[in-house]
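Residue numbering for the sequence shown follows the numbering used here, starting at 438 and increasing by one per position. All C-beta atoms, glycine included, are put in the ideal place defined by N, C-alpha and C.
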Amino acid sequence: MRKFNDESKLENNPKIKEMQNDVKDIIKNFGNLVKQARNEQNLRIQDVSQRSGVSSGAISDLENGKEKIPNLYTLVALAKTLNISNHDFIRTIFGEIVQEDPSIKKPCDMLVDALRAYGAPNDLAANILVSIDLALGKNPTESLIKRKIFE
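As structure tokens, this is what we get:
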């Protein structure tokens, strides 16, 4: 991974400084996504390194927000190794450029709609979703908040 250019060279060009800050944020967000996916799968950095071909040091630097620029191979290899969806990958890298299509529902939202249509009260629907998340090894609290089941 490459490091960013010397900060002192950027004092006269605020646009370049702003772009570099944007890139740093993108890399930090991707590092967080990698760490989250790795932890959800109970993998060590060494496991991911062996499966992806990306060095343990590069993975650690990425996860810890070190100011280094990963190459495209590193980004793609980690995303594929950790089963990060194309949608999450692109959204993390390109941010606001990619917008979700509100007409396309996620499977979890369709399940919530089906439970509500069936007449299940919110607390029962929440319990069902928590059970599914626990069975899949996911954090049920985050899922319920994301799915807005209690609204």
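| query | Do you know how far the Cα of Ser493 is from the Cα of Leu509? | reply | Inter-residue distance for Leu509 and Ser493 is about 17 Å (C-alpha atoms, whole angstroms).
| field | Reference Ala591; option with closest CA among Asp570, Val549, Ala572 | value | The requested residue 591 is not part of the displayed model; the chain covers only 438 to 588.
| task | State buried or exposed for Leu573, treating a residue as buried only when at least 16 other CB atoms are found within 10 Å of its CB. | result | So Leu573 ends up on the exposed side.
| query | Sorted by chain position, which residues of the same chain lie with C-beta nearer than 7 Å to Lys461's C-beta, five sequence neighbours on each side aside? | reply | Glu504
| Using DSSP with H/G/I as helix, E/B as strand and the rest coil, what is Ile506? | strand
| query | What residue from Asn523, Asp560, Asn559, Thr518 has the CA that sits closest to Arg475's CA? | reply | Taking Arg475 as reference, the option from Asn523, Asp560, Asn559, Thr518 with the minimal CA-CA separation is Thr518.
| Excluding sequence positions up to five away, which residues of its chain have a Cβ less than 7 Å from the Cβ of Gly502? | Lys465, Gly468
| Environment of Leu499 [buried if 16+ CB atoms lie within 10 Å] | Flag for Leu499 reads buried.
| query | What is the DSSP secondary structure of Lys452, reduced to helix, strand or coil? | reply | Lys452 falls in the helix class under three-state DSSP.
| query | Ends of the alpha helix (DSSP H) at Gly494? | reply | 493 to 500
| request: Could you check the C-alpha separation between Glu588 and Asp560 for me, to the nearest Å? | output: Bear in mind that the predicted position of Glu588 carries a pLDDT of just 49, short of 50, making it too unreliable to give a figure here.
| Proximity winner among Gln478, Ser486, Ile541, Asp525, relative to Ala514 (alpha-carbon distances) | Ser486
| task | Quick one: using the 10 Å Cβ neighbour count with 16 as the cut-off for buried, is Ala551 buried or exposed? | result | By the C-beta density criterion, Ala551 is exposed, having fewer than 16 other C-beta atoms within 10 angstroms.
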